[in-house]
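2 protein chains.
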Amino acid sequence: MSVYLHDIPLPEARRVFEKALSDAGLLQVLEKETVPLDETAAGRVLAEPVWAKLSSPNYHAAAMDGFATRAEDTAGADPTHPVILKINSQAQYIDTGDPLPLWANCVIPIEEVEARDEQGRIVSDAHHPQEILIRAGSTPWKHVRTMGEDIVATQLILPSGHRLRPYDLGAIAAGGYAEITVARKPVVTILPTGTELVPVGTQVQRGDIIEFNSLMLAAQVNSWGGEAHRRGILPDQLETIRVAVEKAAEVSDLILLNAGSSAGSEDFSASVVESLGNLLVHGIAVRPGHPVILGMIRREKTKNGQAEQVPIIGVPGYPVSAALTGEIFVEPLIACWLGRAPLEPEQVKGTLTRKITSPPGDDDYVRVVVGKVGDHLKVAPITRGAGVITSLVRADGIVVIPRSVQGLEAGTEVSVRLYRAQRELSKTIFAIGSHDMTLDLVSQFLASKDRRLVSANVGSQGGLVALKRGEAHLAGSHLLDAETGEYNLSYIRQYLPGMPVKVVTWVEREQGLLVKKGNPKAVRSIEDMAREDVRIVNRQRGAGTRVLLDYLLKNRGVQPEKIRGYELEEFTHLSVAAAIASDRADCGLGIAAAARALDLDFIPIFMERYDFVIPCRYLDGDLLDPLFDLMNEVAFQQAVSALPGYNIRNMGKIVQDC
Amino acid sequence: MSVYLHDIPLPEARRVFEKALSDAGLLQVLEKETVPLDETAAGRVLAEPVWAKLSSPNYHAAAMDGFATRAEDTAGADPTHPVILKINSQAQYIDTGDPLPLWANCVIPIEEVEARDEQGRIVSDAHHPQEILIRAGSTPWKHVRTMGEDIVATQLILPSGHRLRPYDLGAIAAGGYAEITVARKPVVTILPTGTELVPVGTQVQRGDIIEFNSLMLAAQVNSWGGEAHRRGILPDQLETIRVAVEKAAEVSDLILLNAGSSAGSEDFSASVVESLGNLLVHGIAVRPGHPVILGMIRREKTKNGQAEQVPIIGVPGYPVSAALTGEIFVEPLIACWLGRAPLEPEQVKGTLTRKITSPPGDDDYVRVVVGKVGDHLKVAPITRGAGVITSLVRADGIVVIPRSVQGLEAGTEVSVRLYRAQRELSKTIFAIGSHDMTLDLVSQFLASKDRRLVSANVGSQGGLVALKRGEAHLAGSHLLDAETGEYNLSYIRQYLPGMPVKVVTWVEREQGLLVKKGNPKAVRSIEDMAREDVRIVNRQRGAGTRVLLDYLLKNRGVQPEKIRGYELEEFTHLSVAAAIASDRADCGLGIAAAARALDLDFIPIFMERYDFVIPCRYLDGDLLDPLFDLMNEVAFQQAVSALPGYNIRNMGKIVQDC
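As they're listed, the protein sequences go chains P and F. The numbering of the first sequence is the working numbering, which starts it at 2 and goes up by one. The numbering of the second sequence is the working numbering, which starts it at 2 and goes up by one.
And the structure:
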């Protein structure tokens with residue numbers, strides 16, 4: 002049994018892995034190969050510098066259509082003293098790009114000459130005169146592209162390690178090449194393991210997990226310039242996995258062994274690596290991604306030129322961990338093997354909108370969304386779960402909290418490694434506050450209008466607080482004032498004193514009781530929530546729906562303490578519906594659309610108004626224009642109306658103006 | 002004959018083209034297609050929004066290995082009052098990811114329980130006890146990934162128009178998809194025309210031009226998400242081109258008809274477009290790229306679902322014009338057909354180092370290099386020639402001078418559309434001053450050291466002036482003081498008074514006379530330059546070699562006015578050599594390496610020193626460290642020594658320190 006390092010810091014893990022790769026002669030370009038210089042060469046990485054073999058142009062070429070001549074013969078020509086040049090001996094017609102006759106040193110553009118016959122009469126075919134008359138002298142090399150103007154033979158066109166762009170192919174062709182020497186694409190074999198896994202496209206049963214890590218890893222590898230080979234799912238059986246790894250080693254430069262999600266699954270990976278070579282590292286103090294395995298295994302059959310050893314990375318089963326393991330370990334290795342610099346994301350600085358706590362000792366990769374609100378870049382952390390792949394889809398970037406830091410307070414300036422182009426950040430509309438099903442439709446419709454909607458669900462009151470802190474461009478709010486029956490305005494006065502805001506009605510929507518299909522517990526009213534046999538699911542404090550529930554309970558004299566599940570809080574209507582659909586609860590207050598989305602029954606209780614609250618200062622630029630346009634767009638209105646329980650008759654109505 | 006618009010401004014040309022496309026129903030996604038959700042789907046653009054079909058997880062799943070139980074049954078457990086739970090009725094072992102039994106609502110991690118047999122004795126196999134003892138209570142849904150934690154069925158996973166990244170594939174798979182609907186790749190056929198053209202790989206003769214525009218255009222089209230088809234070179238024959246275009250129209254969504262370099266060649270393109278449909282625009286007021294043609298042609302045989310018309314773009318023959326035509330017209334069209342937003346480069350602001358003159362009435366696309374010198378981004382225009390493809394290879398970006406502006410003064414703040422990641426700009430070493438052959442070697446060697454060398458050849462004195470203006474990090478200089486025989490120092494005192502600089506010797510190199518192979522004019526000395534039958538080529542004013550020539554001429558009593566070609570100035574040693582190799586001159590003063598590069602003879606005259614002059618303030622960061630490292634790197638020293646006429650014995654010697 003080899004001795005391996007357990008739960009070590011990331012830099013140390015990198016060092017250990019690099020040392021092993023270096024010892025095996027694998028910390029360099031793997032192999033060079035010659036490929037034809039065609040359009041498929043774009044994206045490849047030069048393995049040798051390209052020094053020009055030819056000059057370009059490789060002769061003196063006319064830069065205009067006209068007559069090649071000698072500058073000396075044109076001396077003295079001016080409007081009152083024209084000079085006549087004889088064709089053949091003194092001048093010769095030439096097209097742009099044609100080589101200059103050896104005796105000539107300049108070109109007179111055709112539109113600057115008078116074409117004549119031998120008798121001095123002007124001829125109609127200006128390309129074939131007997132003589133030409135000019136009224137201005139020329140100078141040597143005027144209207145000539147001299148040899149080497151673009152490229153001089155022997156000069157460096159591109160250094161090795163350069164990733165080829167379309168223009169580069171042109172310059173290399175001009176330099177006299179028909180083939181180029183590039184780094185061979187590293188072959189990366191991806192082996193998913195886990196008895197609970199089923200392939201994409203399977204009709205899933207309870208307990209099945211769709212295997213998509215190999216899909217993400219393969220797409221990553223290909224995008225980084227490697228050649229990914231995905232293999233079928235392996236059950237959690239030591240011998241099966243061992244045989245598959247051994248076979249993969251014969252044809253791969255790198256093996257990614259993706260463990261199942263079970264905590265025991267990675268132990269199979271570790272055992273296999275130990276049995277076939279050296280387990281170097283098991284567990285790295287990085288989040289998410291803790292159970293990463295690094296090792297080197299022996300290759301039994303060695304192809305010509307192949308190393309005796311193959312690196313293997315045990316990739317954790319949770320998808321966010323898997324994708325980040327790709328970025329942290331696989332990308333730099335592929336870069337090294339291609340001879341290019343590792344990818345380095347653009348970074349921006351912004352301020353955290355929320356506190357992040359982070360376990361000490363771990364380098365913590367926190368997914369964040371970033372948006373420009375006013376003049377400030379605001380950085381909002383999103384869910385931390387390693388199983389939440391949508392957190393990577395939504396992420397604008399990553400904030401790395403180093404292992405020496407326990408966490409960061411709201412307001413801290415942080416550096417974000419961006420997943421998007423920086424210019425996109427200023428086209429992001431930050432919406433915060435109450436969740437509504439129509440926000441998904443807004444995302445869909447804005448996508449074609451050069452805007453992106455990023456929404457955070459913190460409830461109506463949370464949204465107003467966020468506006469106060471300058472963390473979002475608008476807040477969705479449906480806060481009912483129990484005294485006046487008025488929506489939002491009294492809360493705005495309370496939370497945003499002195500801040501000029503515009504309040505626009507977005508939708509009216511039906512709130513009601515969500516219950517399981519067929520309503521097995523026969524819940525019919527707010528009062529039924531207090532029944533002994535009924536478990537509810539609630540919304541979080543500050544949510545408009547929570548305010549509404551509390552109002553309705555008080556109204557009907559029901560004590561919240563009597564209600565089972567009152568303390569079970571979810572952040573969105575859909576999550577409430579999901580809790581009921583999955584039998585975590587029997588009912589909850591929410592909107593009709595959420596019920597229909599998850600095939601629940603719905604008992605209408607209340608029609609409420611949902612407004613957008615927008616600080617006036619964000620109306621200056623054109624950022625929000627497409628959102629206002631949507632309110633008048635028929636296709637959008639129809640899509641909203643098609644959701645059950647929605648009414649758009651007051652969409653866009655101004656409740657309070659700037 | 003149709004009436005077309007001639008030499009119109011770019012925005013108008015765009016409008017006319019878009020109107021014609023819109024009338025033909027071609028200003029939208031061309032067609033949708035369904036593709037399997039595998040790694041090749043990365044980079045494709047969604048043609049429909051993806052709404053989740055499944056929740057993920059689609060059941061309540063254990064988030065830890067441990068025992069599923071009911072939180073109610075654990076109530077009251079603490080270190081002094083442990084609670085015992087019976088296996089099967091109250092607790093059940095479960096692996097991470099496994100579905101929770103329907104009766105359970107939380108998981109107690111295996112490391113937090115005491116596994117016991119029926120008699121209460123601790124058992125070794127913690128996975129199969131008869132009962133478990135716990136010393137802490139749990140709460141509902143603790144250590145459970147509840148159904149929908151990641152994705153709730155019906156929610157929007159991604160909007161249409163989104164270009165798929167690796168993570169996105171994972172999220173879509175998790176949402177229950179095995180296929181996705183994407184926009185079909187537009188087929189773009191590229192037809193190069195021009196009798197003077199030869200394919201890449203041809204042994205070129207005088208007058209041949211290597212055809213590489215189709216290569217660049219094809220690589221561009223593919224990189225933008227289209228499917229490029231390159232066809233063979235067509236001679237400048239109207240009927241041949243017409244037939245080829247007609248045939249291409251049957252299978253293409255867009256045709257790029259690339260004219261030869263001759264000014265007449267584009268007329269063939271225009272005639273062909275007129276004969277097959279509508280010529281909309283001939284000539285656009287944009288530089289480079291003036292002769293662009295836009296048109297729509299009829300499709301004779303129409304495939305199912307294909308439009309009756311096909312847009313065609315006549316692409317100018319000069320390669321820079323061709324590539325920019327791709328960026329200006331082809332990319333936005335492909336973007337539209339894919340349903341994604343057009344690419345928008347990141348932009349940065351910087352100050353111009355040199356004046357740019359620009360013809361009024363044209364939108365002028367000026368290639369520039371950009372580097373961070375001190376705290377300032379400096380923007381240096383590079384050569385304007387539309388035939389100089391290396392200008393695009395070298396360019397860090399484009400400055401667009403609008404048609405209302407005649408030019409921009411040095412020092413003006415300009416906006417640069419970047420071709421590179423912004424972070425690369427701060428890894429760029431700006432060298433300016435005297436040209437030396439070793440600078441190509443520096444570029445090659447620095448490429449693997451995370452640095453990029455951008456050099457501008459303005460002569461030794463020009464380099465010192467540039468340092469004074471803060472335009473470069475270092476200047477290469479070999480200025481001989483005729484009075485003292487000392488190098489550079491007196492010039493530094495003159496040009497950079499009060500600026501602390503470090504002066505380091507780079508190389509010593511032999512200056513001499515470059516003459517044609519075999520020295521047909523028998524030039525042997527500086528005095529021979531004044532002979533009647535000898536034409537020289539000179540270096541520009543301020544170049545160290547020019548200073549040296551003037552010094553030698555004065556020394557030997559030769560009048561510059563007597564020398565033919567004294568006023569013919571080139572900016573680099575290689576250009577001087579190229580002028581001689583191509584018979585523009587018989588001799589010139591230069592370095593031995595340039596002679597060997599172009600197979601010239603060399604008559605040694607003088608051994609001179611070439612120093613780097615570096616303002617001390619640029620030595621603060623680590624930017625220049627790799628350059629200093631090179632001076633001690635054996636492989637690099639060997640490469641320099643291998644150049645003829647170079648001596649490295651004093652490389653790195655400090656002439657003047659900070």
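For every residue, glycine included, the Cβ atom is placed at its ideal position computed from N, Cα and C. Treat the numbers as computed from the prediction; the structure is a model and nothing was measured.
Separation of residue j from residue i, as counted between CA atoms
i, j, result
"P:P12", "F:L55", "39 Å"
"P:Q93", "P:F68", "5 Å"
"F:I294", "P:L625", "38 Å"
"F:G265", "F:Y420", "32 Å"
"F:A448", "F:V394", "15 Å"
"P:G434", "P:G486", "20 Å"
"P:H479", "P:V504", "11 Å"
"F:S444", "P:L157", "8 Å"
"P:P167", "P:L38", "11 Å"
"P:R540", "P:A411", "24 Å"
"P:A105", "P:G138", "14 Å"
"P:G386", "F:V199", "59 Å"
Any chain F beta carbon closer than 9 Å to residue i
i, result
"P:P320", "yes"
"P:M148", "yes"
"P:F213", "yes"
"P:M652", "no"
"P:H61", "yes"
"P:S57", "yes"
"P:P12", "no"
Within 9 Å, strictly: CB atoms of residue i and residue j
i, j, result
"P:V674", "P:I313", "Outside the shown range of chain P (2 to 659) lies residue 674 of chain P, about which nothing can therefore be said."
"F:T354", "F:A432", "no"
"P:G398", "P:M217", "no"
"F:L454", "F:I430", "yes"
"P:Q512", "P:I615", "no"
"P:L442", "P:Y619", "no"
"F:I234", "F:P292", "no"
"F:K469", "F:D451", "no"
Chain P contact for residue i (CB, 9 Å cutoff)
i, result
"F:Q238", "no"
"F:D534", "no"
"F:H163", "yes"
"F:G233", "no"
"F:T730", "Nothing in the structure corresponds to residue 730 of chain F, since chain F is present only between 2 and 659."
"F:W507", "no"
"F:Y366", "no"
Presumed contact (8 Å Cβ cut-off) between residue i and residue j, rounded CB distance
i, j, result
"F:V371", "F:L426", "5 Å"
"P:L601", "P:V516", "6 Å"
Below-9 Å beta-carbon distance, residue i vs any chain B residue
i, result
"P:D254", "In the displayed structure, chain B is absent; the protein chains listed are P and F."
Unbroken stretches of the alpha helix (DSSP H), 4 residues or longer, contained in the segment 568-644 of chain P: 574-582, 593-598, 626-631, 635-642
Within the segment 396-480 of chain P, ranges of the alpha helix (DSSP H) (whole runs, at least 4 residues): 423-426, 439-447, 460-469
Scan the segment 71-154 of chain F and note each continuous beta strand (DSSP E) run of 3 residues or more that stays entirely inside, going in chain order. 84-87, 92-95, 107-110, 114-117, 132-135
Can you list the beta strand (DSSP E) stretches of 3 or more residues lying completely in the segment 146-212 of chain F, in chain order? 157-159, 180-184, 188-193, 198-200, 210-212
To test your reading of the DSSP string, which unbroken beta strand (DSSP E) runs of 3 or more residues are found completely within the segment 283-343 of chain P? 294-299, 310-316
Give the list of continuous alpha helix (DSSP H) stretches no shorter than 4 residues that lie fully inside the segment 535-563 of chain P. 545-556
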